[in-house]
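Following full-length UniProt numbering, the numbering of the sequence shown begins with 1 at its first residue and continues without gaps.
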Amino acid sequence: MDSFQDVEEIGDMPRQELCSYCFGARLRMMQSSPYSAYDNLYADMLEFVNQNCNFNSPTSVLPNPVNINYTREERCDAERTYTVQNGDSCDSIAEHHSVSSATLYYLNPELDNCTAPRVGIEICLPNQCERTYRVQSEEDDCVAVAIRRGATWNNIVDWNAGLDLRCSSLWSTSPFWGRVICVSPPGGEYVPPPPSDTSPGNGDIGGPGGSCHGP
Numbered sequence: 001m002d003s004f005q006d007v008e009e010i011g012d013m014p015r016q017e018l019c020s021y022c023f024g025a026r027l028r029m030m031q032s033s034p035y036s037a038y039d040n041l042y043a044d045m046l047e048f049v050n051q052n053c054n055f056n057s058p059t060s061v062l063p064n065p066v067n068i069n070y071t072r073e074e075r076c077d078a079e080r081t082y083t084v085q086n087g088d089s090c091d092s093i094a095e096h097h098s099v100s101s102a103t104l105y106y107l108n109p110e111l112d113n114c115t116a117p118r119v120g121i122e123i124c125l126p127n128q129c130e131r132t133y134r135v136q137s138e139e140d141d142c143v144a145v146a147i148r149r150g151a152t153w154n155n156i157v158d159w160n161a162g163l164d165l166r167c168s169s170l171w172s173t174s175p176f177w178g179r180v181i182c183v184s185p186p187g188g189e190y191v192p193p194p195p196s197d198t199s200p201g202n203g204d205i206g207g208p209g210g211s212c213h214g215p
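This is the structure:
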């Protein structure tokens, strides 16, 4: 696939590359795993391949097996509480503690004004994330943010309670929860097991077991 022609849109791909074993196998492999980056954009690509190459591969996006529980807690651990200070906002608290202001707002109903929360109230902090991002404008949508951060828009929704399922509330004004979101998993990244010593395919390009890297 390294030797494929560079194109802006999938519709501009030469038919022999669009319908090649390697290109289709890559998409089908991604679709078959709930842990891959396969999302609605890739689903549209695979549907386009099906229609133009007479394939009948499934295209549905599998549900994310990682279920982050954002149920509001009746009790909060002492080390995860914070007392609002003068001059605080949901965003300043979120950035200082490396959490999502969307999740912070969702977990704490007493945060009725994220621009100037009431001084002295005790709030519960959500799980920390390694990377946060401050939404810049209304044009800053979930897909664009996700692509820049190597994630999917479904990840952005999963990692930030308070965002609706279509991620249309990323630039929310009613209610206003702030602008800071997690762009990595709350609680830390999943660390996969070390790779096995299993030998790869026979190296033939373009067929099952091949490298698909081209000359």
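No residue lacks a Cβ here, since even glycine has one placed at the ideal position from N, Cα and C.
Residue i versus residue j: straight-line alpha-carbon distance, rounded
i, j, result
"residue 44", "residue 31", "11 Å"
"residue 143", "residue 150", "10 Å"
"residue 60", "residue 153", "16 Å"
"residue 113", "residue 81", "18 Å"
"residue 138", "residue 77", "35 Å"
"residue 183", "residue 29", "25 Å"
"residue 110", "residue 121", "8 Å"
"residue 130", "residue 21", "38 Å"
"residue 42", "residue 98", "31 Å"
"residue 172", "residue 156", "15 Å"
"residue 5", "residue 51", "21 Å"
"residue 100", "residue 9", "34 Å"
"residue 140", "residue 11", "26 Å"
"residue 68", "residue 174", "Residue placement at residue 68 is poorly supported in this model, since its pLDDT is 43, which falls under 50; the coordinates are not used for a value here."
Cross-strand partners of residue i (DSSP beta bridge)
i, result
"residue 180", "134"
"residue 22", "For residue 22, which the question treats as bridged, DSSP gives no partner whatsoever."
"residue 124", "81"
With 16 other Cβ atoms within 10 Å as the buried cut-off, status of residue i
i, result
"residue 94", "buried"
"residue 126", "buried"
"residue 102", "buried"
"residue 14", "exposed"
"residue 16", "exposed"
"residue 108", "buried"
Beta-carbon spacing of residue i, residue j below 8 Å
i, j, result
"residue 165", "residue 135", "no"
"residue 162", "residue 177", "yes"
"residue 55", "residue 24", "yes"
"residue 132", "residue 180", "yes"
Nearest neighbour of residue i, chosen from the options [CA to CA]
i, options, result
"residue 79", "116, 128 and 160", "128"
"residue 57", "85, 26, 87 and 86", "26"
"residue 185", "146, 19 and 173", "146"
"residue 105", "160, 62, 24 and 46", "160"
"residue 116", "96, 62, 91 and 108", "91"
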